[in-house]
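Written below as structure tokens is the structure these notes are about.
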Amino acid sequence: MLELLEPIAIFTHVARAGSFSSAARKLGISKSKVSTQVADLEHKLGVQLIQRTTRSLSLTEAGQLLYTQGEELLRDADQAVASVHNLNDATRGVLKVGISQSFGTMHIIPALPEFMARHPELELQVSLLDHKVDVVSEGLDLLLTMSEQLPLGMVARPLMKCQFLLAASPSYVAKHGVPSRPEQLVDHNCLVYQGEWHEHSVWQFKQGEDNCEIGVTGNFRVDNAPALKSAAVSGLGVVYLASYLLEDELEKGTLVPLLEDWQLTHNLPLQAVYPRRKHLAPKVSAFIDFIKDHIGTPPYWDAPLKDLYAKRK
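Following the UniProt record's numbering, the numbering of the sequence shown begins with 1 at its first residue and continues without gaps.
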């Protein structure tokens, strides 16, 4: 078994990089050694792991299975090393983080220089993602995601719940009027988020004991929240969006809030998702704690909105 550990690790790097040359550069060894190790591994296992062509390679079913387990193996090794390093209270190594694209760009990336200054021996690799993510197959240590669905075998640590706001541009309001109750949204052009896995066309509201869900329609659907915001700013219609997207527009007045006496109750938590482990790697724990402190309770972008609403009233 021990003699298989090195070739499995090399194969995993090949599968991750998508080529023998890239894996060799990453590992600091020759391409011929990489090729030989993978060929020997296939011989010892008695299966083909990689289908090779002159320009590309792809994994067989057996290769995909071994790659998934290989990622687990490398992650366990990284965790073991990190645990030993933690005896000296140090956070080292490579931390691979995936972050929801729009939220990451606006609120996480600007804070990362401070995190790196605190942990100078850590190499941070960030992927801004706008698709459904498989944490293990994409080689991530951690995923910051706004999703209600938890992948199997994953642990999720809630960091916050998004507050939602209903808004439209001053030009739209001047032309179409201001709704006084959620039911009146059926008479408005509502801009809808429609992604590959989710369509948000039923909007939820609450006022005291009064709860309602309104099925909305409109002439514009898109799978990107910032694009919805841009459409609303241009006067196209009404949007139901997370407050983290809207701070600047509400402050500048390019969007105005609607139905301010109603609570928007759509459930969209920000969660730190990572593979189930007996011990959480120090680098992962440090990143989660930093992000939670950075966001604050309530989130820092919601505080100015309370002052803005108070001025209007």
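Ideal Cβ placement from N, Cα and C applies to all residues, glycine included.
Here the structure is a predicted model, which means the values were calculated and not measured.
*Under a Cβ-count criterion, where at least 16 other Cβ atoms within 10 Å of its own Cβ denotes burial, should THR91 be classed as buried or exposed?*
As a first step, residue 91 must be located in the sequence shown, where it is residue number 91. With 16 or more neighbouring CB atoms inside 10 Å of its own CB, THR91 falls in the buried class.
_Closest residue to LEU236 among VAL222, LEU185, SER169, THR12 (Cα-Cα distance)_ = What you label residue 236 is simply residue 236 of the sequence shown in a count that begins at 1. Taking only the C-alpha atoms, the option nearest LEU236 is SER169.
*Kindly list the residues whose CB is nearer than 6 Å to the CB of MET146, restricted to its own chain and excluding five residues on each side of it in sequence; keep chain order.*
As a working mapping, residue 146 is identified with position 146 in the sequence shown. Result list for MET146: SER100, LEU268, LEU270, in chain order.
*Counting along the chain, where does the alpha helix (DSSP H) carrying SER32 start and finish?*
Walking along the sequence shown from the start, residue 32 turns up at place 32. Residues 31 to 45.
*Quick one: measure Cβ to Cβ for ALA174 and VAL239, integer angstroms, because I've assumed they're closer than 8 Å.*
The residue labelled residue 174 in the question sits at position 174 within the sequence shown. The residue labelled residue 239 in the question sits at position 239 within the sequence shown. Their Cβ separation, rounded to whole angstroms, is 17 Å, which puts ALA174 and VAL239 out of contact at 8 Å.
_What does the Cβ neighbour count give for HIS198, buried or exposed, with the cut at 16 atoms within 10 Å?_
The count along the sequence shown starts at 1 and reaches residue 198 at position 198. Answer is exposed; the Cβ neighbour count stays below 16.
*CA-CA distance, GLN194 and ASP223?*
Numbered from 1 along the sequence shown, position 194 holds the residue referred to as residue 194. Numbered from 1 along the sequence shown, position 223 holds the residue referred to as residue 223. In a straight line, the C-alpha of GLN194 is about 5 Å away from that of ASP223.
_CA-to-CA distance, ASP289 to GLU61, given in whole angstroms_ = For the purposes of this step, residue 61 is taken as the residue at position 61 of the sequence shown. For the purposes of this step, residue 289 is taken as the residue at position 289 of the sequence shown. Spanning the alpha carbons of GLU61 and ASP289 requires a straight line of approximately 38 Å.
_Which of the three DSSP states is assigned to HIS13 in this structure?_
Translated into the one-based positions of the sequence shown, residue 13 becomes position 13. When DSSP states are grouped into helix, strand and coil, HIS13 belongs to the helix group.
*Have a look at VAL233 and ASP78 and give me their C-alpha separation to the nearest angstrom.*
Taking the sequence shown and counting its residues from 1, the one referred to as residue 233 is at position 233. Taking the sequence shown and counting its residues from 1, the one referred to as residue 78 is at position 78. Distance between the alpha carbons of VAL233 and ASP78 is about 46 Å.
*Taking DSSP as the reference, what is the three-state secondary structure of ASP289?*
Within the sequence shown, the letter at position 289 stands for residue 289. DSSP places ASP289 in helix when its eight states are reduced to three.
*For VAL135, is the classification buried or exposed, using 16 other Cβ atoms within 10 angstroms of its Cβ as the cut-off for buried?*
Here the question's residue 135 lines up with position 135 in the sequence shown. Per the 10 Å Cβ criterion, buried.
*Quick one, which of PRO282, THR297, VAL216 has its alpha-carbon nearest ASP76's?*
As a working mapping, residue 76 is identified with position 76 in the sequence shown. Selected option, being the one with the closest Cα: PRO282.
_Please give the ranges of any alpha helix (DSSP H) in the stretch 65 to 142, keeping only runs that are unbroken, at least 4 residues long and fully inside the region._
Listed in chain order, the alpha helix (DSSP H) runs fully inside the stretch 65 to 142 are 112 to 118, counting runs of at least 4 residues.
*Would DSSP call LEU250 helix, strand or coil?*
Stepping through the sequence shown from its first residue, residue 250 is reached at position 250. Three-state DSSP puts LEU250 in a helix.
*Can you tell me whether DSSP reads ARG55 as helix, strand or coil?*
Numbered from its first residue, the sequence shown carries residue 55 at position 55. In this structure, ARG55 counts as coil in the three-state DSSP scheme.
*Can you list, in chain order, the stretches of the beta strand (DSSP E) that have 3 or more residues and sit fully within the stretch 220 to 273?*
Counting whole runs of 3 or more residues, the stretch 220 to 273 contains the beta strand (DSSP E) stretches 239 to 242, 256 to 258.
*asked:* Below 8 Å on the Cβ atoms is my contact criterion, and I expect GLN207 with GLN263 to pass it. Report the Cβ-Cβ distance as a whole number of Å.
replied: Locating residue 207 in the sequence shown gives position 207, counting from the first residue. Locating residue 263 in the sequence shown gives position 263, counting from the first residue. Between GLN263 and GLN207 the Cβ distance is about 7 Å, and since that is below 8 Å, they are a contact.
*Distance CB(PHE11)-CB(LEU66) smaller than 9 Å*: Taking the sequence shown and counting its residues from 1, the one referred to as residue 11 is at position 11. Taking the sequence shown and counting its residues from 1, the one referred to as residue 66 is at position 66. PHE11 is a Cβ neighbour of LEU66, given a cutoff of 9 Å.
*Helix, strand or coil for GLY213, going by three-state DSSP, please let me know.*
Walking along the sequence shown from the start, residue 213 turns up at place 213. Gly is not the amino acid found at residue 213; the sequence shown has Glu there. DSSP places GLU213 within a strand segment (E or B) once states are collapsed to three.
_Considering only the alpha carbon of each residue, which of GLY215, LYS33, LEU5, LYS229 lies closest to PRO257?_
The count along the sequence shown starts at 1 and reaches residue 257 at position 257. For PRO257, the nearest C-alpha among the options comes from LYS229.
*GLN37 versus LEU144 - alpha carbon distance*: Here residue 37 refers to the residue found at position 37 when the sequence shown is read from its first residue. Here residue 144 refers to the residue found at position 144 when the sequence shown is read from its first residue. LEU144 has its alpha-carbon roughly 35 Å from the corresponding atom of GLN37.
*Three-state class that DSSP yields for PRO170 in the structure shown*: In the sequence shown, residue 170 corresponds to position 170, counting from 1. The answer is helix: DSSP assigns PRO170 an H, G or I state.
*Looking only at its own chain, which residues have a Cβ that is under 6 Å from the Cβ of HIS119, when we skip the five neighbours before and after it?*
On the sequence shown, position 119 is the one that residue 119 refers to. Closer than 6 Å at the Cβ level, and outside the excluded window around HIS119, lie THR91.
*Would LEU59 be called buried (16 or more neighbouring beta carbons within 10 Å of its own) or exposed?*
Within the sequence shown, numbered from 1, the residue matching residue 59 stands at position 59. Classified as buried, LEU59 has 16 or more neighbouring CB atoms from the shown chains inside 10 Å of its CB.
*Other residues of its chain near PHE115: CB distance less than 6 Å, five sequence neighbours each side excluded*: Counting from one through the sequence shown, the residue named residue 115 turns up at place 115. Result list for PHE115: PHE290, in chain order.
*Through-space distance from LEU4 to GLY46, alpha-carbon basis*: The residue given as residue 46 occupies position 46 in the sequence shown. The residue given as residue 4 occupies position 4 in the sequence shown. Whole-angstrom Cα-Cα distance: 13 Å.
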